[in-house]
Amino acid sequence: MIHSNRRLPAEWENYEAVIIGWPHADSDWAYMLETVQHTVVEIIETLVADEMTVVLVAPDPAEPKSMLEHIDQRYLKLCKIDTNDTWARDYGVITCIADDNSPVLCDFKFNGWGLKFAADKDNLITLNMIENGYMAGNRENHLGFVLEGGSIESDGKGTILTTSECLLSPNRNGNLSRDEIERYLKSALGAERVMWLDYGYLAGDDTDSHVDTLARLVSDDTIVYVKCDDTADEHYEQLSQMEKQLTELRRSDGMPYNLVGLPMPHPIFDNDGQRLPATYANFLIASRSVLLPVYGQPQNDELARLIMQSLFPDRIVRCIDCTSLIQQHGSLHCMTMQVPRGVIVNSNN
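See below:
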């Protein structure tokens, strides 16, 4: 049954705050901690400059506090919460809006991207934030269903975009069929329809093809996506098939979507020679800006910026160098989770 009394807002709608997980010494960032912390500080600085509240989750808030004394403290809320890792997009609360404009805090299960990594602390973050008085709202327990924020896109009007590679992963909800998963998404998120992408991947991706690395809704009629023109690239076949499938998708009014391709960054490798899943699609839409991940590739970075600026003429596209984040197989959108007004307690905003 669809909850017609709610909807999942689009990211381009106004929201109040952004949840970020702080990289710490007991996480996989230990070997490059200072470098990645400086990247996260830059993300926070950029959001605060936009007068966005940043809700920073950290086992020891004293550490980030000392590095953030220079920013406007009205827009910083520190939360003492134990974490396994930093990817707030995937363990952070997914917030729907009820018809009376009250927030519905959907607490889904996070199991480390299909049991790949430890998630015992991250899976409890939403509940701990509520119990510790950092968040308020009607919490719904969906801990029997695995869902990561990076695996879904919403247009705010009842359409959800996702990938079959991720949501049909046997280590997530393997006891459910595609139809059953779709019905659950519609019920929990108040959606009217689910659009599935069956193609597309990035080498080195741990998420099983999260949609926020591949294709993003940027308005109710436009999708921006990763495009591969190099026939010698290992991604060419899959991304070409994804592109074809995108042309076949239809809006709720039956019209095709406007499709805008983003360039692929030149290959980036880790110290072991493994290709990393760098993508310009992993951007965050903020209230007055778009935070775009870039990778120290002037030509590609600038092309991606120009494309995004054309899509968001009323916002400033701000580039954040994410070559550090990509070392742990994620990027800017993966680091952040937006929450609407009325969720964060004493946000001073």
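Take the sequence shown: its letter number 124 is residue 126 in this note's numbering, and every next letter is one higher.
For each residue, glycine too, the CB sits at the ideal point set by N, CA and C.
Residues that DSSP places opposite residue i in a beta bridge
| i | result |
| --- | --- |
| V262 | V226 |
| M197 | L163 |
| M339 | I21 |
| S353 | Residue coverage of the chain in this structure runs from 3 to 351, which leaves residue 353 outside it and unanswerable. |
| S156 | I162 |
| I183 | In the DSSP output, where bridge partners are listed per residue, I183 has none listed. |
| V148 | K111 |
Cβ neighbour criterion (16 or more within 10 Å) applied to residue i
| i | result |
| --- | --- |
| R320 | buried |
| G135 | exposed |
| L313 | buried |
| A193 | buried |
| I318 | exposed |
| P172 | exposed |
| M257 | exposed |
| H40 | exposed |
| M244 | buried |
| A19 | buried |
| S333 | buried |
Cβ distance (whole Å) where residue i is taken to contact residue j below 8 angstroms
| i | j | result |
| --- | --- | --- |
| L107 | G139 | 4 angstroms |
| V347 | I309 | Incorrect: roughly 38 angstroms between the Cβ atoms, too far for contact. |
| H331 | R91 | With 8 angstroms as the limit, H331 and R91 do not qualify as a contact, their Cβ atoms being about 13 angstroms apart. |
| R141 | D109 | 6 angstroms |
| D124 | N175 | Actually they are not in contact, since the Cβ atoms of D124 and N175 sit about 18 angstroms apart, beyond 8 angstroms. |
| I127 | I83 | 6 angstroms |
| L78 | V50 | 7 angstroms |
- Quick one: which unbroken alpha helix (DSSP H) runs of 4-plus residues sit fully inside the segment 270-333? Chain order, please. Here the runs fully enclosed are 300-313.
- Message: Within 8 angstroms, do at least three Cβ pairs link the segment 145-158 to the segment 185-200?
- Response: Here the segment 185-200 lies against the segment 145-158, with 3 or more beta-carbon pairs under 8 angstroms apart.
- Task: Answer yes if the segment 320-337 comes into contact with the segment 281-296, meaning at least three C-beta pairs across the two stretches below 8 angstroms, and no otherwise.
- Result: These segments touch.
- Item | Three or more C-beta pairs below 8 angstroms linking the segment 59-67 and the segment 298-307 | The way I'd put it, the segment 59-67 doesn't touch the segment 298-307; fewer than three beta-carbon pairs between them come closer than 8 angstroms.
- Query: Which runs of the beta strand (DSSP E) spanning at least 3 residues fall entirely within the segment 70-142, listed in chain order?
  - Reply: DSSP runs (the beta strand (DSSP E)) wholly in the segment 70-142: 78-82, 96-100 and 105-111.
- Message: Does the structure place the segment 285-293 close enough to the segment 40-54 that three or more beta carbon pairs sit under 8 angstroms?
- Response: As far as the Cβ criterion goes, the segment 40-54 touches the segment 285-293, which means the pair count is three or higher.
- Item | Minimum length 4: unbroken alpha helix (DSSP H) runs contained in the segment 29-65 | The segment 29-65 contains these whole alpha helix (DSSP H) runs: 35-51.
- Touch check for the segment 220-229 and the segment 273-284: three-plus C-beta pairs under 8 angstroms? Flag = yes, the segment 220-229 and the segment 273-284 touch.
- Item | Touching by the beta-carbon criterion (3+ pairs, under 8 angstroms), the segment 110-117 and the segment 202-211 | Three or more pairs of CB atoms, one per stretch, sit closer than 8 angstroms, so the segment 110-117 contacts the segment 202-211.
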